[in-house]
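Notes to accompany the following structure.
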Amino acid sequence: MSKLITEPNLPRPDDFYQELTDLHRDLSDEQSLDVNARLILLLCNHIGDQDVLSEAMQTARKHIPAQ
Amino acid sequence: MLNTYTFPEFDYIRSADQDAAQPVKHPVVVIGAGPMGLAAAIDLAIHDIPVVVLDDNNTVSVGSRAVCYAKRFLDISDRLGVGQRCVDKGVTWNVGKVFFENEQIYSFNMLPEEHHRRPGFINLQQYYLEEYYVDRVNELEKADLRWKNKVTGIEQNDDEVTLTVETPDGEYTLKADYVIACDGAGSKTRAACGLESKGQIFHDRFLIADVVMDPKKFPPERWFWFNPPFHEGQSTLLHRQADNVWRIDFDLGWDADPEEEKKPENIIPRVKAFLGEDVEFELEWASVYTFTCRRMDDFRHGRIFFAGDAAHQVSPFGARGANSGIEDIDNLTWKLQMVMNGKAGDNLLNTYSEERTFAADENILNSTRSTDFITPKNGANRAFRDAVLWLAKDYTFARPLVNSGRLSVPPFLTESSLNTEDDGSFDCKVVVGAPCTDGPVKRNGEDSFLLGALGNVFNGMLFVDSRNDLTAEMVDQLGELAAQDVPVKSYIVASHDMDIALPEGVELLIDTVGVVKERLDAKGGTFYLMRPDQLVTARMRSFDKAAVVAAQNKALGK
Ligand SMILES: Cc1cc2nc3c(=O)[nH]c(=O)nc-3n(C[C@H](O)[C@H](O)[C@H](O)COP(=O)(O)OP(=O)(O)OC[C@H]3O[C@@H](n4cnc5c(N)ncnc54)[C@H](O)[C@@H]3O)c2cc1C
Chain S
4 MSKLITEPNL PRPDDFYQEL TDLHRDLSDE QSLDVNARLI LLLCNHIGDQ DVLSEAMQTA
64 RKHIPAQ
Chain Y
505 MLNTYTFPEF DYIRSADQDA AQPVKHPVVV IGAGPMGLAA AIDLAIHDIP VVVLDDNNTV
565 SVGSRAVCYA KRFLDISDRL GVGQRCVDKG VTWNVGKVFF ENEQIYSFNM LPEEHHRRPG
625 FINLQQYYLE EYYVDRVNEL EKADLRWKNK VTGIEQNDDE VTLTVETPDG EYTLKADYVI
685 ACDGAGSKTR AACGLESKGQ IFHDRFLIAD VVMDPKKFPP ERWFWFNPPF HEGQSTLLHR
745 QADNVWRIDF DLGWDADPEE EKKPENIIPR VKAFLGEDVE FELEWASVYT FTCRRMDDFR
805 HGRIFFAGDA AHQVSPFGAR GANSGIEDID NLTWKLQMVM NGKAGDNLLN TYSEERTFAA
865 DENILNSTRS TDFITPKNGA NRAFRDAVLW LAKDYTFARP LVNSGRLSVP PFLTESSLNT
925 EDDGSFDCKV VVGAPCTDGP VKRNGEDSFL LGALGNVFNG MLFVDSRNDL TAEMVDQLGE
985 LAAQDVPVKS YIVASHDMDI ALPEGVELLI DTVGVVKERL DAKGGTFYLM RPDQLVTARM
1045 RSFDKAAVVA AQNKALGK
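The structure is reproduced here in structure tokens:
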């Protein structure tokens, strides 16, 4: 059974999205890579459920084949 | 070459076997006198099995190899009678520190638990370790160590193994019931059997330099730097060994030229950049390595057993090479003894491979993960790695993700076919398939440690809270277990002395500070059964002789 929430769950979607993109607005690609890595780690720890995380990782990789 | 250590040169002694008209047959021949071959020789000899060890060389390990020996290695060395010398000479350490760029991000303690005979780790140059093992082998009448005896050919049939041995006096032939191949990572025995060790080679090079310096400069701790200012983009590890020798380990990347990097004129500036211009040091030894994680599919090939680096190899982050190799020997010897003495069937020997390939997989997994963390394989991995390190300083959640080597602990053989399932529920770190814990005990009025009382035979421990827990029938039954064809020597473990007459093979152990009971989650009536290698093989909430016999039979592969 799926545990990952894939229905809308963000109370203010536009505000969230703007904050996410603003976070990177003045960064180089390399800096963005670092910020994203930190962000992912913080969120993963917050979620703390290996099943949810695995599902999210697999979903993120869907249709992106190995090089 | 080395200033602090003089390499012994052992004499080649012509053996009577070389003059025999017919090839002489021995119960066990061990190929290689590295740490594993030497451990095998000691272990077999103390189990009363005559053993011949053949080594192509005539000295101990030359130069920079193993440094860190884990608690389990020391516990096994104690059983072999070498532990104390190693600990006396070695540098005991428990603390590790992790640095990222300019700062320390956190530290850890390997053995936060008190009341163990041995520390979490000691550091000792491999040549000392081997020297002590050689001395111990030479004390044992049943062990025959032959230097400058190089095995050049090996064949087997259903009944025996035939070895061709080259010596300074020419070739001779030997026969053996069983062979243990401890001839290292490049095992010629493995190749001669048409077998392979398969896995992954890491595309990375490491410069390993041993330097002598003033002991006031650094404490006996493990210091690991990620991306330090003195070695940008890479990692560095610092460890103290005996004789004020420090091990420094620089990650160089794949493109480094090993021949150039090995030259003192290139090493000295690296070390100076690290230690500071003003620190005086002398270079003892240096070498450049690449590392591999691999193993054989099966550690048994008929009458030939593979152990140590010949059977499996790991990268040194985690110090799992020698530390796991000695567990191979610990696992194999008692099984060989049982089979050779007709106490168990040949199938018991298959469980050596079953149990030790399981352990090797855990070691390889850990060592591969550490290597991937230390040397990230692409940009995204490096970003995650650096993010973990950056977060670890202020946010404790990230610290368990930092992987500068998961230092060797014995894999718990939880899936072994020799285990008996728990009877009752237990809530402690020790499980069936794990080595028994340690703790201070009083035995025959003398203070000692539990692990000193266990091993080489099957052992039982019956925990009692009071004299009333113990019926005359139980005492008799423990006596019967001790008198079996394959004895179970039991201890009655209590918090205080008791006045009871005990049969032969049954002793009283006083759990002086109560940690044995606590660490095994024991209550009055709890019984633990240990194999000759000190691994817990069964436990029950109330002692039942028939269940103990059944569990022992299971542990013997019956
Ligand atoms: C840089 C480095 C650091 C390490 N650090 C650690 C550490 O901190 N902790 C740890 O646990 N492990 C460590 N290791 C691993 C450790 O050194 C090995 O796991 C260990 O030496 C393996 O012992 P062995 O007896 O299986 O093989 P070896 O030590 O390789 O011994 C094999 C022996 O067989 C002999 N031999 C070979 N062929 C023949 C033949 N045909 N006939 C007769 N004799 C033969 C050789 O002369 C040698 O004496 C490290 C290794 C390296 C390279």
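Protein sequences, first through last, are from chains S and Y.
Quick note: the first sequence uses the working numbering, first residue 4, plus one each step.
Quick note: the second sequence uses the working numbering, first residue 505, plus one each step.
Quick reminder that beta carbons are idealized off the backbone N, C-alpha and C, glycines included.
Just tell me which of the options has its CA closest to the CA of residue i.
i	options	result
PHE754/Y	MET842/Y, ALA790/Y, PHE612/Y	ALA790/Y
ALA1059/Y	VAL990/Y, ASP714/Y, GLY1009/Y	VAL990/Y
VAL945/Y	VAL997/Y, LEU578/Y, THR924/Y, TRP894/Y	VAL997/Y
VAL968/Y	TRP727/Y, ILE772/Y, GLU858/Y, ILE1004/Y	ILE1004/Y
TRP1057/Y	GLU513/Y, LYS847/Y, PRO554/Y	The displayed chain sequence assigns Asn, not Trp, to residue 1057/Y. Ranking GLU513/Y, LYS847/Y, PRO554/Y by Cα distance to ASN1057/Y puts LYS847/Y first.
ILE658/Y	LEU649/Y, GLU725/Y, TYR676/Y, HIS619/Y	TYR676/Y
GLU919/Y	GLY937/Y, LEU911/Y, SER908/Y, SER929/Y	GLY937/Y
GLN629/Y	HIS743/Y, VAL1053/Y, PHE810/Y	HIS743/Y
ALA543/Y	SER519/Y, ASN642/Y, HIS816/Y	ASN642/Y
PHE862/Y	ALA811/Y, ARG873/Y, PHE916/Y, GLU1011/Y	PHE916/Y
GLN981/Y	VAL1053/Y, SER929/Y, ARG583/Y, GLU1022/Y	VAL1053/Y
TYR1032/Y	ASP951/Y, GLU925/Y, ALA902/Y	GLU925/Y
ASP802/Y	VAL655/Y, LEU699/Y, ALA1051/Y, MET965/Y	LEU699/Y
Compare the C-beta of residue i with all C-beta atoms of chain S and state if any pair is closer than 9 Å.
i	result
PHE901/Y	yes
LEU869/Y	no
VAL892/Y	yes
GLY541/Y	no
PHE730/Y	no
GLY737/Y	no
PHE916/Y	no
ALA976/Y	no
ALA848/Y	no
PHE604/Y	no
ALA884/Y	yes
ALA887/Y	yes
LEU584/Y	no
Cα separation between residue i and residue j?
i	j	result
ILE712/Y	GLN526/Y	48 Å
ALA669/Y	ASP515/Y	The sequence given here places Val at residue 669/Y; Ala does not occur at that position. Straight-line Cα distance between these residues: approximately 17 Å.
GLN660/Y	THR666/Y	6 Å
GLY757/Y	SER35/S	25 Å
ILE580/Y	THR9/S	53 Å
LEU633/Y	LEU1006/Y	40 Å
SER1040/Y	ASN963/Y	In the sequence as presented, Ser is not what sits at residue 1040/Y; that position holds Val. Using only the alpha carbons, I get a separation of about 9 Å.
THR596/Y	ASN627/Y	7 Å
ILE535/Y	ASN827/Y	19 Å
THR693/Y	PHE809/Y	10 Å
VAL533/Y	LEU7/S	58 Å
PRO512/Y	GLY703/Y	35 Å
ALA887/Y	GLY737/Y	12 Å
GLY1063/Y	ASP662/Y	Residue 1063/Y falls outside the range modelled here, since chain Y spans only 505 to 1062, and no answer is possible.
HIS619/Y	PHE953/Y	9 Å
Could you tell me whether the Cβ of residue i comes closer than 9 Å to any Cβ of chain Y?
i	result
LEU26/S	no
ASN48/S	yes
ALA59/S	no
ALA69/S	no
ASP37/S	yes
ILE43/S	yes
ALA40/S	yes
Would you mind giving the Cβ-Cβ distance between residue i and residue j, rounded to the nearest angstrom? I have them listed as a contact below 8 Å.
i	j	result
CYS686/Y	MET540/Y	4 Å
PRO733/Y	ASN606/Y	6 Å
PHE625/Y	ILE830/Y	About 14 Å; that fails the 8 Å criterion.
ASP1025/Y	CYS932/Y	4 Å
VAL683/Y	VAL716/Y	Not confirmed; about 40 Å, so no contact.
SER912/Y	ALA823/Y	5 Å
So what's residue i in DSSP terms, helix, strand or just coil?
i	result
TRP789/Y	strand
ALA59/S	helix
ASP457/Y	Shown here, chain Y extends from 505 to 1062; a query on residue 457/Y therefore has no answer.
GLY777/Y	It is worth fixing the name first, because residue 777/Y is Ala in this sequence and not Gly. Helix at ALA777/Y.
GLU765/Y	helix
ASN845/Y	coil
ASN642/Y	helix
LEU542/Y	helix
ALA986/Y	helix
VAL555/Y	strand
ASP942/Y	coil
TYR676/Y	strand
ASN627/Y	strand
ILE752/Y	strand
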